[in-house]
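Enquirer: Using the working numbering, read the sequence shown as starting at 2 and increasing by one per residue.
All C-beta atoms, glycine included, are put in the ideal place defined by N, C-alpha and C.
Owing to the predicted nature of the structure, the values given are computational and were not obtained by experimental measurement.
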Amino acid sequence: MRETEAIRKRLLDWFGEEARDLPFRRTRDPYLIWLSEIILQQTRVDQGLPYYERFVAAFPTVKALADAPEEAVLKLWEGLGYYTRARNLHAAAREIRDRHDGKLPDTARMLQMLPGVGRYTAGAVASIAFGERVPVVDGNVKRVLARLRHIADPVDDPAVEEDLWAIAEQLVPARNPGEFNQAMMELGARVCTPRQPRCDACPLAEMCAARAAGVAESLPVKRAKKEVPHREMVTAVIQRDDGAYLIGRRPPEGMLGGLWEFPGGALAPRETHQKALRRVCAEVLGVTVRVGGRVACVRHAYTHFKVTLNVFRCCIEEGEPQAKEHTELRWISPQDFGTVPFPKGNHKFLPLLAPEDELDLFGMMED
Ligand code: SF4
């Protein structure tokens, strides 16, 4: 118990002096704290911060977010990836507006009932915004705890993960649980880093079992990764006489749901790009096309697979495009590319479709 108290005190003292001054740390507004937690998941603070600021400016209250059309939310999210998070954020805002009188539930248990709010986010919001004594375990905390307690089993093993939650639960204090949780995460982000942890500057150095054993840098251990599959795709760039391009909106469920894209599909085994494009355009748009020149060959990595997009110009020879797999189709001029959300893979070739001075790049994100 004495050690637990020492860990709490040292960590909180360190955080009091070293905490970064971040905009969401200056507020007690549960909505803004929740927003920051959703945006910063799987994203570095310096990358996520501009998104947080754009969201706060566009949707300063949970009601403003709930009332916004989904496309506006996806557009602001564009470039962050993991679009399910944006759709869940929006759905949760609507639930808070409709079922909770516009106020976030104030316990981790109730917060977890909202779409997209898991154990981590619920713990973070409940402890930081409402002072509930609940732990958080994210990637940074896992690393700190695995080193502090010298846990040599894979931290992504569900049983080990449960143990880490139990350790975190035992450590989190009744007073200032939110500060303590943030301190743990901050320590992992800035001192107990994956490579070359700065043990000399660590407030927990004296209690750290991995440091004592001289194995800090080799922890935590993870299970062996499977090889990431690769998909070869074809993408059709179809342009009308007035210069507008044909794009389709992906169904709301599933990967990249609700985003707009140039029509395309996977290459079948031993199929040429030309043959694949004719087949895909028939299946996806119900039209016959003539395949022209290649526009680009774009590589992009998602979490669970990599894709190569072989992008070709195509002309419709027969038929009127129909949304067979998209929820809707539209013709868009290059000047309007910046007004709809596209996946990152499409962003890589959009600048090739119009002279630079015709492109309105507002809102289009760099990779
Ligand atoms: S002493 Fe080193 S390994 Fe241990 S918690 Fe601190 S930074 Fe991490």
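Over what stretch of residues does the alpha helix (DSSP H) that includes residue 32 continue unbroken?
Expert: Taking the sequence shown and counting its residues from 1, the one referred to as residue 32 is at position 31. 31-41 is the span of the alpha helix (DSSP H), which, as asked, contains residue 32.
Enquirer: Does the separation of the CB atoms of residue 126 and residue 94 fall below 9 angstroms?
Expert: Residue numbering aside, residue 126 sits at position 125 when the sequence shown is read from its first letter. Residue numbering aside, residue 94 sits at position 93 when the sequence shown is read from its first letter. No, the Cβ-Cβ distance between residue 126 and residue 94 is not below 9 angstroms.
Enquirer: If we count Cβ pairs, one from each stretch, closer than 8 angstroms, do we get three or more for the segment 31-40 versus the segment 105-117?
Expert: As far as the Cβ criterion goes, the segment 31-40 touches the segment 105-117, which means the pair count is three or higher.
Enquirer: Ignoring anything shorter than 3 residues or poking outside the segment 264-292, list the beta strand (DSSP E) runs there in chain order.
Expert: Counting only runs of 3 or more, we get 265-267.
Enquirer: By Cβ distance, which residues of its chain are closer than 6 angstroms to residue 261, with the 5 residues on each side in sequence left out?
Expert: Within the sequence shown, numbered from 1, the residue matching residue 261 stands at position 260. Once the five neighbours on either side are set aside, the close Cβ partners of residue 261 are 248, 250, 341, 343.
Enquirer: Mind checking whether residue 136 and residue 170 have CB atoms under 9 angstroms apart?
Expert: As a working note, residue 136 is residue 135 in the sequence shown. As a working note, residue 170 is residue 169 in the sequence shown. Contact: yes.
Enquirer: Do you know how far the Cα of residue 238 is from the Cα of residue 134?
Expert: Translated into the one-based positions of the sequence shown, residue 134 becomes position 133. Translated into the one-based positions of the sequence shown, residue 238 becomes position 237. If you take the alpha carbons of residue 134 and residue 238, they lie about 54 angstroms apart.
Enquirer: Rounded to the nearest angstrom, what separates residue 76 and residue 266 at their Cα positions?
Expert: Numbered from its first residue, the sequence shown carries residue 76 at position 75. Numbered from its first residue, the sequence shown carries residue 266 at position 265. When rounded, the distance between both Cα atoms is 23 angstroms.
Enquirer: So if DSSP puts residue 234 in a beta bridge, which residue, or which two residues, is it bridged to?
Expert: Mapped onto the sequence shown, residue 234 falls at position 233. Note: residue 234 sits in a beta bridge opposite 267, 310.
Enquirer: Ends of the beta strand (DSSP E) at residue 124?
Expert: The residue labelled residue 124 in the question sits at position 123 within the sequence shown. Not the beta strand (DSSP E): residue 124 falls in the alpha helix (DSSP H), residues 120-131.
Enquirer: Please go through the same chain and pick out, in chain order, the residues whose beta-carbon is closer than 6 angstroms to the beta-carbon of residue 329, but skip the five residues on each side of it.
Expert: For the purposes of this step, residue 329 is taken as residue 328 along the sequence shown, with counting starting at 1. Contacts found: 250.
Enquirer: Less than 6 angstroms between C-beta atoms, sequence neighbours within five positions excluded: which residues of the same chain meet that for residue 309?
Expert: Here the question's residue 309 lines up with position 308 in the sequence shown. The answer, listed in chain order, is 233, 300.
Enquirer: Any heavy atom of the ligand SF4 within a distance shorter than 8 angstroms of the CB on residue 165?
Expert: Mapped onto the sequence shown, residue 165 falls at position 164. Because no heavy atom of the ligand SF4 lies under 8 angstroms away, the Cβ of residue 165 does not count as near it: no.
Enquirer: Keeping to the same chain, check which residues put their C-beta closer than 8 angstroms to that of residue 20; ignore five residues upstream and five downstream.
Expert: The residue labelled residue 20 in the question sits at position 19 within the sequence shown. Cβ neighbours of residue 20 beyond the five flanking positions: 26, 183, 184, 187.
Enquirer: Is any heavy atom in the ligand SF4 found nearer than 8 angstroms to the beta carbon of residue 59?
Expert: On the sequence shown, position 58 is the one that residue 59 refers to. Checking the Cβ of residue 59 against the ligand SF4 gives no.
Enquirer: Evaluate the contact criterion for the segment 147-154 versus the segment 210-225: three or more CB pairs, one atom per stretch, below 8 angstroms.
Expert: The segment 147-154 is in contact with the segment 210-225.
Enquirer: Are the beta-carbon atoms belonging to residue 278 and residue 288 less than 9 angstroms from one another?
Expert: Locating residue 278 in the sequence shown gives position 277, where the first residue counts as 1. Locating residue 288 in the sequence shown gives position 287, where the first residue counts as 1. No, the pair does not count as a contact, with Cβ atoms beyond the cut-off.
Enquirer: Buried or exposed for residue 216, going by 16 or more other Cβ atoms inside 10 Å?
Expert: Locating residue 216 in the sequence shown gives position 215, where the first residue counts as 1. Exposed is the call here.
Enquirer: Could you check whether residue 139 and residue 82 sit closer than 9 angstroms to each other, using their CB atoms as the reference points?
Expert: Locating residue 82 in the sequence shown gives position 81, counting from the first residue. Locating residue 139 in the sequence shown gives position 138, counting from the first residue. No; because the gap between Cβ atoms is not below 9 angstroms, this pair is not in contact.
Enquirer: Does the separation of the CB atoms of residue 130 and residue 30 fall below 9 angstroms?
Expert: By 1-based counting over the sequence shown, the position of residue 130 is 129. By 1-based counting over the sequence shown, the position of residue 30 is 29. Closer than 9 angstroms, so yes.
Enquirer: Within the present structure, is the beta-carbon of residue 105 separated from the nearest heavy atom of the ligand SF4 by less than 8 angstroms?
Expert: In the sequence shown, the residue the question calls residue 105 occupies position 104. No; taking the cut-off as 8 angstroms, the Cβ of residue 105 has no heavy atom of the ligand SF4 nearer than that.
Enquirer: With DSSP as the reference, please indicate the residues paired to residue 170 in a beta bridge.
Expert: By one-based count along the sequence shown, residue 170 stands at place 169. None; residue 170 has no bridge partner.
Enquirer: Tell me whether residue 142 counts as near the ligand SF4, meaning its Cβ is closer than 8 angstroms to at least one heavy atom of that ligand.
Expert: Position 141 of the sequence shown, counted from the start, is the residue given in the question as residue 142. Not so, every heavy atom of the ligand SF4 lies at least 8 angstroms from the Cβ.
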